[in-house]
Amino acid sequence: MPNWTLCIDTSAGTTVAVLQGGEVRSEIHFDENMKHAERIGDAIAQAISGAGIKPGRVGSVVVGRGPAPFTGLRIGIAAAAMFAEGVGAQLFGISSLDALALAAFQKRSATGESSSKPILVTADARRSEHYWALYSGLTKNGAPILIEGPGVAKPAALDQKFSEQQVERTQVKISAVDLGKVFDAQILDGTASHVVEAMYLREADAVAPKVLRDFGKKVSG
Amino acid sequence: MSTAFIIREAAETDLEQIMALENACFSNDAWDQDTMHFEVVAHHTYYLAALEGDALIGFAGLSKIPGNEQADIQTIAVAQSARGKGIGKALMLELLKEARRLQAEELFLEVRADNPAAQKLYLNLGFEHIDTRKRYYQPDDVDAWVMRLQFARTTIGREPIVLGIETSCDETGIGIVRGNTLLANIISSSMEEHARFGGVVPEIAARAHLEALRPTLHQALAKANLSLKDIDAIAVTNGPGLGGALMVGVGAAKALSVAIEKPIYAVNHLVGHVGVDILERGQLETPTVALLVSGGHTSLLLVRDLLNDVELLGETIDDAAGEAFDKVARVLGLKYPGGPEIDKAAAGGDPKAVRFPRGLSLPKDMEKHRYDFSFSGLKTAVARWVEKTEAAGEELNVANIAASFREAVADVLVTKAVNACLDHKVPRLLLGGGVVANARLRELAAERCAAHGIELRIPALSLCTDNGAMIAALGAQLIMAGRAPSSLHFGADSTLPVTSVQTL
Numbered sequence: 000m001p002n003w004t005l006c007i008d009t010s011a012g013t014t015v016a017v018l019q020g021g022e023v024r025s026e027i028h029f030d031e032n033m034k035h036a037e038r039i040g041d042a043i044a045q046a047i048s049g050a051g052i053k054p055g056r057v058g059s060v061v062v063g064r065g066p067a068p069f070t071g072l073r074i075g076i077a078a079a080a081m082f083a084e085g086v087g088a089q090l091f092g093i094s095s096l097d098a099l100a101l102a103a104f105q106k107r108s109a110t111g112e113s114s115s116k117p118i119l120v121t122a123d124a125r126r127s128e129h130y131w132a133l134y135s136g137l138t139k140n141g142a143p144i145l146i147e148g149p150g151v152a153k154p155a156a157l158d159q160k161f162s163e164q165q166v167e168r169t170q171v172k173i174s175a176v177d178l179g180k181v182f183d184a185q186i187l188d189g190t191a192s193h194v195v196e197a198m199y200l201r202e203a204d205a206v207a208p209k210v211l212r213d214f215g216k217k218v219s220g
Numbered sequence: 000m001s002t003a004f005i006i007r008e009a010a011e012t013d014l015e016q017i018m019a020l021e022n023a024c025f026s027n028d029a030w031d032q033d034t035m036h037f038e039v040v041a042h043h044t045y046y047l048a049a050l051e052g053d054a055l056i057g058f059a060g061l062s063k064i065p066g067n068e069q070a071d072i073q074t075i076a077v078a079q080s081a082r083g084k085g086i087g088k089a090l091m092l093e094l095l096k097e098a099r100r101l102q103a104e105e106l107f108l109e110v111r112a113d114n115p116a117a118q119k120l121y122l123n124l125g126f127e128h129i130d131t132r133k134r135y136y137q138p139d140d141v142d143a144w145v146m147r148l149q150f151a152r153t154t155i156g157r158e159p160i161v162l163g164i165e166t167s168c169d170e171t172g173i174g175i176v177r178g179n180t181l182l183a184n185i186i187s188s189s190m191e192e193h194a195r196f197g198g199v200v201p202e203i204a205a206r207a208h209l210e211a212l213r214p215t216l217h218q219a220l221a222k223a224n225l226s227l228k229d230i231d232a233i234a235v236t237n238g239p240g241l242g243g244a245l246m247v248g249v250g251a252a253k254a255l256s257v258a259i260e261k262p263i264y265a266v267n268h269l270v271g272h273v274g275v276d277i278l279e280r281g282q283l284e285t286p287t288v289a290l291l292v293s294g295g296h297t298s299l300l301l302v303r304d305l306l307n308d309v310e311l312l313g314e315t316i317d318d319a320a321g322e323a324f325d326k327v328a329r330v331l332g333l334k335y336p337g338g339p340e341i342d343k344a345a346a347g348g349d350p351k352a353v354r355f356p357r358g359l360s361l362p363k364d365m366e367k368h369r370y371d372f373s374f375s376g377l378k379t380a381v382a383r384w385v386e387k388t389e390a391a392g393e394e395l396n397v398a399n400i401a402a403s404f405r406e407a408v409a410d411v412l413v414t415k416a417v418n419a420c421l422d423h424k425v426p427r428l429l430l431g432g433g434v435v436a437n438a439r440l441r442e443l444a445a446e447r448c449a450a451h452g453i454e455l456r457i458p459a460l461s462l463c464t465d466n467g468a469m470i471a472a473l474g475a476q477l478i479m480a481g482r483a484p485s486s487l488h489f490g491a492d493s494t495l496p497v498t499s500v501q502t503l
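Read top to bottom, the protein sequences are chains E and X.
With the first letter of the first sequence counted as 1, position 215 gets the number 214 in numbering that gives the first Met the number 0; the numbers rise by one all the way through.
With the first letter of the second sequence counted as 1, position 99 gets the number 98 in numbering that gives the first Met the number 0; the numbers rise by one all the way through.
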């Protein structure tokens with residue numbers, strides 16, 4: 000019996016899917032890029048029941064590690080980790096940009112284009128910045144091949160770095176289904192990873208006080 | 000809400016009143032007196048009466064034949080005038096407990112198809128609708144729902160094992176309780192990571208929670224010597240606290256609940272601090288005033304009933320007391336967290352050396368803010384004192400300043416808490432929150448409470464700081480009170496009011 004896989008990504012909206020041996024058994028998408036904490040429980044419960052299985056049947060949990068705005072991203076990773084604990088499943092992490100890359104390559108082949116240009120995948124990083132990563136294509140089993148990134152940059156900086164002649168850009172939306180497909184391909188390639196650490200790419204916004212004693216002068220001034 | 004009714008086992012002498020209520024409630028198909036008499040006195044039945052004074056306002060009966068694994072709810076009735084007070088639920092809970100004591104595995108009942116209120120009560124208690132008997136109730140010609148409760152799938156009548164998850168600030172806490180008994184209380188703190196910033200950085204706290212979740216869970220299960228299969232329910236803090244930090248716990252708890260197919264209870268962090276006393280004393284004595292003091296909160300609560308009646312008397316209007324300790328520690332060149340550092344520095348200092356202001360304690364402030372606190376003025380006063388001393392070229396007596404500052408904080412906290420006890424004639428004060436670690440606060444509270452005949456409760460420090468055990472304990476209380484679980488839709492609420500003990 001092929002393994003049941005629960006796929007979770009909260010790098011943009013809340014998207015959850017259940018796959019069995021590469022076949023999609025259910026998918027739930029909440030598009031709004033907020034309210035992840037509110038949605039995640041229902042999304043998982045509905046995906047599991049939609050697949051017609053008990054939670055205990057899930058053998059692998061796959062989660063998108065971002066990069067993404069932090070607050071939402073963490074909710075998906077925390078949920079994936081705890082679900083895996085709860086059912087004794089294996090836990091795997093995948094770059095959310097890998098799922099976008101797979102969708103982009105699939106879109107290109109669907110339109111019959113024969114371009115072999117690398118694809119630049121971007122995602123909203125807020126604060127007028129984009130997360131980005133550059134992919135050359137897919138492995139034989141269908142896993143995106145990362146050649147540069149991931150990083151975070153202003154759109155102008157990206158334009159400067161990657162000219163239109165060099166790379167192709169497409170707009171695709173992230174889906175947990177694609178995350179699951181990347182996972183299946185990585186399993187076959189032997190590159191699937193148990194690392195689920197969030198990819199923040201930015202430091203926490205906090206500045207240590209320069210001179211601790213400055214504090215008193217500021218408040219009394 | 001104190002309820003005025005009592006429940007006791009029914010006796011033959013109640014028969015007259017039971018029949019009057021039976022006839023009033025079931026005019027068309029009431030049992031006759033002989034049937035009822037047999038039911039109430041039979042050995043295989045257990046009948047309860049609910050009374051308001053001498054008046055019987057409800058009754059209910061259970062039938063359980065020895066050796067039979069199935070039991071039946073025979074009947075339940077509540078007087079029209081007494082409905083909506085939870086009497087039906089209270090009667091049912093007692094019958095359910097008795098059925099479990101009698102080792103029933105399943106409990107059945109029939110309910111009219113046209114009585115949605117009763118159906119909802121039974122569904123909330125864990126009954127399932129398994130069959131419909133057509134036209135069962137005559138002469139009304141109404142169908143009966145057959146409902147079943149499986150004891151293996153409910154915790155009613157036994158102590159539930161609850162796992163609590165707390166991530167509202169910089170402590171990842173996972174605790175496990177069985178009813179009122181503490182089984183595990185594991186805390187992973189990110190305090191050291193905040194040290195160089197002199198205060199809790201929300202993003203750093205949230206990142207640390209994510210990393211600490213799994214190891215903390217493993218340790219808690221190992222400590223309790225349990226596996227997740229043994230857990231009956233999950234409880235999680237959904238506020239108040241730091242939004243991003245809370246959300247890590249909420250997401251984790253929901254996924255765990257779905258994975259192990261057990262209910263989830265979203266509970267209030269501050270009420271958790273109050274309820275933790277149950278783990279030490281087996282119960283919470285009410286009414287009590289609770290003073291909760293930490294780096295994030297300074298709140299004075301009046302608790303008449305843990306689950307039903309928690310009132311916020313006052314809170315800080317600016318900094319939390321713990322924050323004031325951190326900030327003053329910085330002014331004095333001491334390390335983070337400020338509480339223990341100032342405690343250390345104050346040793347040997349004169350608490351009367353400098354009379355620092357007691358926030359919101361002047362008569363005009365007391366009118367509007369009798370139970371509120373303010374610490375930002377105090378922190379500024381310390382900063383000015385330091386500047387003035389240095390400008391005058393005098394040497395700073397850190398011990399005296401630390402002792403005087405600490406005295407000002409402890410004094411205002413204890414004064415207002417004791418006032419609250421006296422004003423509301425509550426003979427009890429409970430302390431909670433990390434600042435309870437402060438020796439002078441404990442000492443002053445003990446002194447003043449003793450002087451006014453107020454009983455002081457200070458739980459162990461590991462239960463005073465933020466922890467998952469208090470969240471698990473509050474969840475267990477909700478379950479044992481027969482509360483329905485939360486949905487999966489609730490969110491994190493950084494300003495959740497104390498009146499919201501559970502978010503549905």
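Every residue gets a Cβ at the ideal spot worked out from N, C-alpha and C, and that includes glycine.
Give the secondary structure of residue i by DSSP, where H, G and I count as helix, E and B as strand, and everything else as coil.
i, result
"residue 217(X)", "helix"
"residue 307(X)", "coil"
"residue 6(E)", "strand"
"residue 157(X)", "coil"
"residue 232(X)", "strand"
"residue 44(X)", "strand"
"residue 500(X)", "coil"
From the beta carbon of residue i, is the nearest beta carbon of chain X less than 9 angstroms away?
i, result
"residue 84(E)", "yes"
"residue 34(E)", "yes"
"residue 139(E)", "no"
"residue 37(E)", "yes"
"residue 41(E)", "yes"
"residue 149(E)", "no"
"residue 52(E)", "no"
"residue 92(E)", "no"
"residue 76(E)", "yes"
"residue 16(E)", "no"
"residue 173(E)", "no"
May I have the straight-line CA-CA distance separating residue i from residue j, to the nearest angstrom?
i, j, result
"residue 93(X)", "residue 126(X)", "15 angstroms"
"residue 34(E)", "residue 237(X)", "14 angstroms"
"residue 3(E)", "residue 198(E)", "26 angstroms"
"residue 501(X)", "residue 264(X)", "7 angstroms"
"residue 180(X)", "residue 9(E)", "37 angstroms"
"residue 435(X)", "residue 271(X)", "16 angstroms"
"residue 61(X)", "residue 52(X)", "24 angstroms"
"residue 282(X)", "residue 36(X)", "38 angstroms"
"residue 98(X)", "residue 108(X)", "13 angstroms"
"residue 178(X)", "residue 447(X)", "34 angstroms"
"residue 221(X)", "residue 102(X)", "30 angstroms"
"residue 124(E)", "residue 161(X)", "38 angstroms"
"residue 12(E)", "residue 432(X)", "36 angstroms"
Can you find a C-beta in chain E that's less than 9 angstroms from the C-beta of residue i?
i, result
"residue 534(X)", "The displayed coordinates of chain X run from 0 to 503. Any statement about residue 534(X) would go beyond what the structure contains."
"residue 253(X)", "yes"
"residue 167(X)", "no"
"residue 452(X)", "no"
"residue 249(X)", "yes"
"residue 489(X)", "yes"
"residue 213(X)", "yes"
"residue 210(X)", "yes"
"residue 260(X)", "yes"
Among all the DSSP beta bridges, which residues are the ones paired with residue i?
i, result
"residue 267(X)", "238(X)"
"residue 320(X)", "Paired residue(s): none; residue 320(X) is not in a bridge."
"residue 143(E)", "137(E)"
"residue 54(X)", "51(X)"
"residue 129(E)", "123(E), 152(E)"
Please list the residues of the region 185-204 of chain E that have a C-beta atom closer than 7 angstroms to any C-beta atom in chain X, keeping them in chain order.
-> 197, 203, 204
With 8 angstroms as the C-beta to C-beta threshold (strictly closer), list the residues of the region 192-207 of chain X near chain E in chain order.
-> Sequence-ordered contacts of the region 192-207 of chain X with chain E read 195, 196, 197, 200, 202, 203, 205, 206 [C-beta pairs closer than 8 angstroms].
Contact list for the region 57-73 of chain E against chain X, Cβ threshold 7 angstroms | 69, 70, 73
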